[in-house]
DNA sequence: GCAATGATTTACT
DNA sequence: GTAAATCATTGCC
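Numbering (the working numbering), first residue to last: 30 to 225.
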C-alpha cells in the first residue's frame with residue numbers, strides 16, 4: 030500500500046530517510062509501469078549547507094521543498110541529470126530525502142530501453158541520475174503529490190533491520206564544508222545497486 | 001543581460 | 001585516473 034501523508038510529514042528527516050529503505054518507488058509514464066526498491070537515500074534539511082534551501086532561503090527552484098511532506102522535488106543537476114527527492118516535514122519547513130539508488134522490481138525491459146542498455150546489471154539504477162532515467166522521471170514530475178499522481182512509494186511489507194543498514198556521510202557535496210560530514214546517507218549493506 | 005556552477009555520468013587524452 | 005558533456009538556476013563574484 031502507498032505510504033500516507035503522515036509518514037512524510039514527521040519532523041525527523043533522517044529517520045524518514047532510514048525508513049524509506051526497502052520501500053518501492055513506482056512510476057507510470059505513457060502507460061508503462063516501472064518500479065524498484067529503494068536501497069540508498071540521503072537526508073537534506075534547510076538547517077545545513079548541503080541543502081538547496083539552506084538558511085531558509087526560498088527560490089523558484091526549491092519552492093516545493095517548503096510545501097507539505099509527500100510531494101516530489103525533481104531538479105536538473107549538471108545540466109544533464111534529473112535528481113528525485115521526496116519532500117518531508119510540514120508546510121513551511123524545507124526538508125527532503127534524495128533517492129540515490131533503487132533495485133529494479135517492475136518493468137525491467139522498459140527501464141533497459143530508457144537507459145539504452147542491453148542486459149540487466151547494477152548499472153541500470155545505481156545512482157541518482159540513473160534511476161530517474163530508468164523510471165522515466167523528469168522535471169515535469171516536480172511538485173507531484175505522491176499520494177495521487179503517476180508516481181508513488183509503496184510499503185510492500187519489506188522490513189530492513191538495523192544490521193543491514195550502512196550509514197555514512199553524504200556524497201558529492203564537499204562544498205558544504207562541515208555539514209558534508211553529517212551521517213545522513215543510508216544504504217542497504219551489500220546491495221549491488223547502491224551507487225559507487 | 002550574462003557568467004559561474006552543480007546533490008552526476010560517461011567516455012576516454 | 002581525468003575530463004567532457006550540457007543547461008537551469010542563481011546572483012551580480
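No residue lacks a Cβ here, since even glycine has one placed at the ideal position from N, Cα and C.
Fair warning: this is a prediction, and the values are worked out from it, not measured in the lab.
**Study point:** Range of the contiguous alpha helix (DSSP H) that encloses residue 137
**Key:** Position 108 of the first chain, counting from 1, holds the residue named residue 137. Following the DSSP letters along the chain, one finds residue 137 inside the alpha helix (DSSP H) bounded by residues 137-144.
Point to revise | Residue of 172, 177, 157, 219 minimising C-alpha distance to residue 201 | key: Taking the first residue of the first chain as position 1, residue 201 is located at position 172. Closest option to residue 201, Cα to Cα, is 157.
Exercise for review: May I have the straight-line CA-CA distance separating residue 113 from residue 170, to the nearest angstrom?
Suggested key: Reading the first chain from its first residue, position 84 is the one you call residue 113. Reading the first chain from its first residue, position 141 is the one you call residue 170. So the alpha carbons of these two residues sit roughly 9 angstroms apart.
**Study point:** Unbroken stretches of the beta strand (DSSP E), 3 residues or longer, contained in the segment 77-129
**Key:** Within the segment 77-129, complete beta strand (DSSP E) segments of at least 3 residues are found at 101-106, 110-117, given in chain order.
Check your understanding: So, residue 64 versus residue 160, is the Cβ gap smaller than 8 angstroms?
Key -> Locating residue 64 in the first chain gives position 35, counting from the first residue. Locating residue 160 in the first chain gives position 131, counting from the first residue. It is not a contact, given that the beta carbons lie outside the stated cut-off.
Review point. Could you give the C-beta distance for residue 58 and residue 222, rounded to a whole number, given that I count them as a contact under 8 angstroms?
Key: Within the first chain, the letter at position 29 stands for residue 58. Within the first chain, the letter at position 193 stands for residue 222. Not quite, the Cβ-Cβ distance comes to about 20 angstroms (not below 8 angstroms), so this is no contact.
Review point. When the Cα atoms are used, what is the spatial distance from residue 33 to residue 176?
Key: Here residue 33 corresponds to residue number 4 of the first chain, with the count starting at 1. Here residue 176 corresponds to residue number 147 of the first chain, with the count starting at 1. When rounded, the distance between both Cα atoms is 7 angstroms.
Check your understanding: From 97, 36, 43, pick the residue whose C-alpha is nearest to that of residue 197; which is it?
Key -> If you number the first chain from 1, residue 197 lands on position 168. Considering only alpha carbons, the answer is 43.
Point to revise | First through last residue of the beta strand (DSSP E) which encompasses residue 57 | key: Working through the first chain from its first residue, we reach residue 57 at position 28. For residue 57, the enclosing beta strand (DSSP E) covers residues 53-58.
Point to revise | Neighbourhood of residue 208 by C-beta distance below 7 angstroms, restricted to the same chain and skipping five residues each side | key: Along the first chain, one-based indexing puts residue 208 at 179. Only 77, 78, 79 meet the Cβ criterion.
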